[in-house]
Structure formats: structure tokens, C-alpha cells
Amino acid sequence: MIVSPWLWVVFTLIAAAAQTARNAMQRELTVTLGTVGATHVRFLFGFPFALLFLAGVLFVTGKPVPRPPLEFWPWVIGASFAQVLATALMLAAMGERSFVVAIAYIKTEPVQVALFGLVVLGDRLTWPIALAILIATAGVVLMSLKPGAAAQVSAKPTLIGIGSGTMFALSAICYRGAILSLDNPDFVLTATLTLVVGLGLQAALLSLYLALRDPGVLRAIVKAWRPSLFAGFLGALASQFWYLGFAIATAASVRTLALVEVLMAQAVSRFIFKQPTSPREAAGIVLIVAGVLLLLYAH
Numbered sequence: 049m050i051v052s053p054w055l056w057v058v059f060t061l062i063a064a065a066a067q068t069a070r071n072a073m074q075r076e077l078t079v080t081l082g083t084v085g086a087t088h089v090r091f092l093f094g095f096p097f098a099l100l101f102l103a104g105v106l107f108v109t110g111k112p113v114p115r116p117p118l119e120f121w122p123w124v125i126g127a128s129f130a131q132v133l134a135t136a137l138m139l140a141a142m143g144e145r146s147f148v149v150a151i152a153y154i155k156t157e158p159v160q161v162a163l164f165g166l167v168v169l170g171d172r173l174t175w176p177i178a179l180a181i182l183i184a185t186a187g188v189v190l191m192s193l194k195p196g197a198a199a200q201v202s203a204k205p206t207l208i209g210i211g212s213g214t215m216f217a218l219s220a221i222c223y224r225g226a227i228l229s230l231d232n233p234d235f236v237l238t239a240t241l242t243l244v245v246g247l248g249l250q251a252a253l254l255s256l257y258l259a260l261r262d263p264g265v266l267r268a269i270v271k272a273w274r275p276s277l278f279a280g281f282l283g284a285l286a287s288q289f290w291y292l293g294f295a296i297a298t299a300a301s302v303r304t305l306a307l308v309e310v311l312m313a314q315a316v317s318r319f320i321f322k323q324p325t326s327p328r329e330a331a332g333i334v335l336i337v338a339g340v341l342l343l344l345y346a347h
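49 is the number of the first residue of the sequence shown in this note's numbering; add one for each residue after it.
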């Protein structure tokens, strides 16, 4: 399959937009469903949409479902566990008083992805790409850390944020490993199959956990099916395009470009909620834009 060298950029931008909307939906659901319940919504209600995506790909291509090799399963199981834990830690960070500081640590994910990608998958980075990752990440941290916030931050939100970023990084690397292990030239089919298997594992794991530990949350999820369904769709849509990006570009490049989520959130804050942009936030935006442009230039 002939792939445009810029197609991963389109996939990443679509995924970032869908994830921004999904995060907002999940944060609202945390109030009524709790951290684990809101985490489960993403997987339980996303799985049926993933099946629809796969059915659509099979119908359009006319190809059979690839048979995953043995090495596919450790990758996808590891990715699934890491993503569940990462999402739970992210939602827990959103409940902390030092929310902004915790999110700044979560957004160190691209640096961690680059390191894990090099060690685990052998995804080597050029110096311009490595510099772009550092510049864009520094911009996110600058935007997030308000004056005096560093003095107020405690160990708990710091560890939650770093832990969430680490788990998201491991999840991205493992999903890319799973997709590559399928060794199929149709990257759309391999990415979509990986999505179905991953969401299926996650939905089953958390359903079993809640059924044993807190069945009341499962009942609450069923009652909140309307907003949960939309959050699940957005989650499946975002993951579909993340995996398409992982199939044709390094996870580090995809997750660095994904920092445009921060710019999207800032735009919503500025133009919809009429909240002014501080000089510090403006400087952070400049660094993010500079890092993203350098990343695209390096590719």
C-alpha cells in the first residue's frame, strides 16, 4: 500500500481533536461514576464502535481478518493494561487540587515515548526530531506551571502525573509494536484489528473487576448510557486514528504532534470562554508551535 509521507499528520490531528472532546466528556462522567467508572466508559462503549470500524474496513477492502502471530499478544495485552492504568491515573490527576501541575507532568509523555521507542522498538530519532520533542514539551510545561504552583505542588499529584505519562508512553509503544508484529501491508486493517482486540480486552477486564468489586458502578454506567455512548464513540475514534498514525510513523513523532491538544484547549478557553492569554501562556504556545514546526520540517 502506497502511503503519503504526510498522512500520519492528518491522522494525528483528527485523533487529537477527538481525544480533547472525549477527555471533556470523561471528566464530567467522573463526578457521577467515579474514576474507575469513567475510565470503563471509554472502553465498554468504545468496543462496539471499534467492531463497526473493522466491519467497514473488511467490507471496503474485501480482505479476510489477519491471523495475529504469537508475538502480537504480549504487545497488545501490555498496551491494554498500560492504557487502562494511564487513563485511571489521568482522571485521578484531574481530581487533585494541583490539577494543572499534574497535567504538565502527564504531558512529558512524548519524551518518555521517545526513550521507550528507542529502547524497546529501536525507533531511532534524528537530532532535529529529538530537539523538536524537547521544545514542544517545554512549551506545554511552561503553559501549565503557573507562578507559585511549583511551591504548592505535593508529591501525590506529581507522582500521579508522571505515572500517567509513563503508562501512556508504554501503551503507545506497545500498540505500535502490536501493529508492526502483524506484518501486513494494509496498515488500516492492522491498526483497526489492534483497536478491536485492545478495546475488547480492556472492556472485559474492567467489567470483570467492577462486577466483583463494585457492581453498583456498572449499574450507574448503564443509567448514564447516553453521555457514555458519546464518550465511547469519541474514544474509539481517537484510538482508531492514533493507531493509524502509529502504523506509519514513530510513536514519538505522533505523540509530539499530539501536543496540539494543548493549543486546541487554549483556543477554546480564549475564544469560547473569553479567558485572556497570559504572557507565560503565549510563550508556551510559541514553543509548542516551534517544536511542532521543527518536527514537521524534520520529517
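In this text, a Cβ means the ideal position worked out from N, Cα and C, and glycines have one as well. All figures in this text were calculated on a predicted structure; none of them were measured in a lab.
C-alpha gap between G165 and T298, whole angstroms: 8 Å
Rounded to whole angstroms, what is the Cα-Cα separation between V340 and P176? 11 Å
M215 versus V188, G85, A286, G126, residue with shortest Cα-Cα distance: G126
Quick check on T135: buried or exposed, where buried means 16 or more other Cβ atoms within 10 Å of its Cβ? buried
Counting along the chain, where does the alpha helix (DSSP H) carrying V58 start and finish? 55-92
Assuming the contact rule is C-beta atoms closer than 8 Å, G293 and A63 should be a hit. Round their C-beta distance to whole Å, please. 7 Å
Do you know whose CA, among H88, F278, V161, lies nearest G211's CA? V161
Taking only the alpha-carbon atoms, compute the straight-line gap between V159 and T240 and give it to the nearest angstrom. 26 Å
Tell me which same chain residues have a C-beta within less than 8 Å of the C-beta of S52, skipping the five on either side of it? none
Would a C-beta distance cut-off of 8 Å place Q218 and A130 closer than the cut-off? Looking at the sequence shown, residue 218 is not Gln but Leu. For L218 and A130, yes; Cβs fall inside 8 Å.
Check this for me: beta carbons of L335 and I183, under 8 Å apart or not? yes
Three-state class that DSSP yields for T298 in the structure shown: coil
Where the alpha helix (DSSP H) through G248 begins and ends: 235-261
Among G82, L92, A69, which residue has its Cα nearest to the Cα of Q250? L92
Between the region 71-78 and the region 299-307, are three or more C-beta pairs nearer than 8 Å? no
I need the straight-line Cα distance from A199 to R261, nearest angstrom please. Any reading at A199 needs caution, since the residue's pLDDT is 48, under 50, leaving its predicted position unreliable; the model's value is listed next. Straight-line Cα distance between these residues: approximately 38 Å.
Along the chain, where does the alpha helix (DSSP H) that runs through G370 open and close? With the chain represented from 49 up to 347, any question about residue 370 goes unanswered, as that position is not in the structure.
Helix, strand or coil at G110 according to DSSP, with G and I counted as helix: coil
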